[in-house]
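Below is one structure; the comments refer to it alone.
Protein chains: 4
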Amino acid sequence: MAEPGGVAADQLRSFVERIERLEEEKKSIADDIKDVYGEAKGTGFDTKVLRQIIRMRKQDAAERQEQEALLDLYMHALGMAPPADE
Amino acid sequence: MAEPGGVAADQLRSFVERIERLEEEKKSIADDIKDVYGEAKGTGFDTKVLRQIIRMRKQDAAERQEQEALLDLYMHALGMAPPADE
Amino acid sequence: MAEPGGVAADQLRSFVERIERLEEEKKSIADDIKDVYGEAKGTGFDTKVLRQIIRMRKQDAAERQEQEALLDLYMHALGMAPPADE
Amino acid sequence: MAEPGGVAADQLRSFVERIERLEEEKKSIADDIKDVYGEAKGTGFDTKVLRQIIRMRKQDAAERQEQEALLDLYMHALGMAPPADE
DNA sequence: TCGCCTGATAGTTGCC
DNA sequence: GGCAACTATCAGGCGA
């Protein structure tokens, strides 16, 4: 290697820092979520049920996604233009 | 309950929305992290090594935390005052 | 299926029994561990400190593991032969 | 303390060793369980369903336990002798 | 690309 | 009864 401690090391350091920064942010948001559940609990909601609702809605969304994908597929097969999206 | 579909429903909806919003953000950041790994890979770095480095640095930090926690525990067990913190 | 309630059912039963047997053993050992902590507490040791020590020792071992893993990764990345192991 | 590095240290070491030994055994059994699931999978069983069965049977057992506990309570309240057990 | 396997996350239980 | 440790489940990344 021509320059020990050179370009590659700098790049590596940069990648490491970017990743660690993003992971911090992620953790921070995860903590926020936990706080919201805590607040909901303090207001009298059952955390377990609340989590289940979130999970079900996520699943519903996933199913809707599939529906749309299927729709796209059909439309494409029929030579129809896709919707203008949003 | 005095008002069916009333206050509680509004609160619930509010909590659900806040949580879902935060989870979206979290997912977005997770995707960013994945992108950075992809970029690093494209620059010639071995993803596996990079991940291991991240992991080890995290563990080092945790280790330091634990050391301090143990010290605190010992001091507490011995009836000594904790350090003035920071 | 040629034999309803046949081979598959027997196999399933066998797997279930093996798993349940092993889980019993596991639970038994978990209880033993709890007992040891209880005994230590009765001898005057602070359980919390003891747990922390166990945790740190485990982490040290993991740390060493990780160091070696990283070394292996580097050597592999550099096309060097791995050490003759043990 | 009368004997530095004395009795207490020996006891501590002993407790640590006993706990670590037991945790190793526990881990070993956990690995065995994983192996059985793997084997079941290799035989064509759906691991997820299998896990659910195990969970349900455990729950059934717990319910039966409660039933028996209740029975014992009643019998005790009625001054009846407990069953000869097993 | 599929299956496996490790690491992240959610749920449960035991302690204070 | 709240909190923290531990366990079990799930999802994403890696190798074949």
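Those protein sequence lines, which keep their order, are chains A, B, C and D.
When you read off a place in the first sequence, starting at 1, and then add 513, the result is the number in our numbering.
When you read off a place in the second sequence, starting at 1, and then add 513, the result is the number in our numbering.
When you read off a place in the third sequence, starting at 1, and then add 513, the result is the number in our numbering.
When you read off a place in the fourth sequence, starting at 1, and then add 513, the result is the number in our numbering.
Even for Gly, the Cβ is constructed at its ideal location relative to N, Cα and C.
No experiment lies behind these values; they were computed from the predicted model shown.
Asked: Do you know how far the Cα of residue 554 of chain D is from the Cα of residue 578 of chain B?; Found: 41 Å
Asked: Identify which residue in B/523, B/583, B/526 and B/588 has its Cα closest to the Cα of residue 562 of chain C.; Found: B/583
Asked: Helix, strand or coil: how does DSSP classify residue 597 of chain A here?; Found: coil
Asked: Can you pull the chain C residues whose beta carbon is under 8 Å from the beta carbon of residue 529 of chain D, in chain order?; Found: 563, 566, 567 and 570
Asked: If contacts are defined as beta-carbon pairs under 8 Å, then residue 546 of chain B and residue 535 of chain A qualify, I think. What distance do you get, rounded to the angstrom?; Found: 5 Å
Asked: Using a C-beta cutoff of 8 Å, does residue 578 of chain A count as contacting chain B?; Found: no
Asked: When we look at the beta-carbon of residue 549 of chain C and count the other beta-carbons within 10 Å, is it buried (16 or more) or exposed?; Found: buried
Asked: Note down the Cα distance separating residue 541 of chain B from residue 538 of chain A, rounded to an integer number of angstroms.; Found: 11 Å
Asked: Rounded to whole angstroms, what is the Cα-Cα separation between residue 551 of chain D and residue 560 of chain D?; Found: 8 Å
Asked: Name, going along the chain, the residues of the stretch 548-561 of chain B whose beta-carbon falls closer than 9 Å to a beta-carbon of chain A.; Found: 549, 550, 552, 553, 556, 557 and 558
Asked: Terminal residues of the continuous alpha helix (DSSP H) containing residue 555 of chain C?; Found: 520-555
Asked: Under 8 Å, do residue 530 of chain C and residue 576 of chain B count as touching if we go by C-beta distance?; Found: no
Asked: What do you get for residue 528 of chain A, buried or exposed, if any count of 16 or more other CB atoms within 10 angstroms of its CB means buried?; Found: buried
Asked: Among D/520, D/573 and D/558, which has the Cα closest to the Cα of residue 524 of chain C?; Found: D/558
Asked: Taking only beta-carbon positions, decide if residue 584 of chain C is within less than 8 Å of chain B.; Found: no
Asked: Just the C-alpha distance for residue 586 of chain D and residue 585 of chain B, rounded to the nearest angstrom, thanks.; Found: 47 Å
Asked: Do you know how far the Cα of residue 521 of chain D is from the Cα of residue 591 of chain B?; Found: 15 Å
Asked: Which two residues bound the contiguous alpha helix (DSSP H) that contains residue 573 of chain D?; Found: 560-590
Asked: So, does the CB of residue 536 of chain B fall closer than 8 Å to a CB anywhere in chain A?; Found: yes
Asked: By alpha-carbon positions, which one of A/597, A/571, A/533 and A/589 ends up nearest to residue 532 of chain B?; Found: A/571
Asked: Strictly below 7 Å CB to CB, what residues from chain C border residue 545 of chain D?; Found: 535
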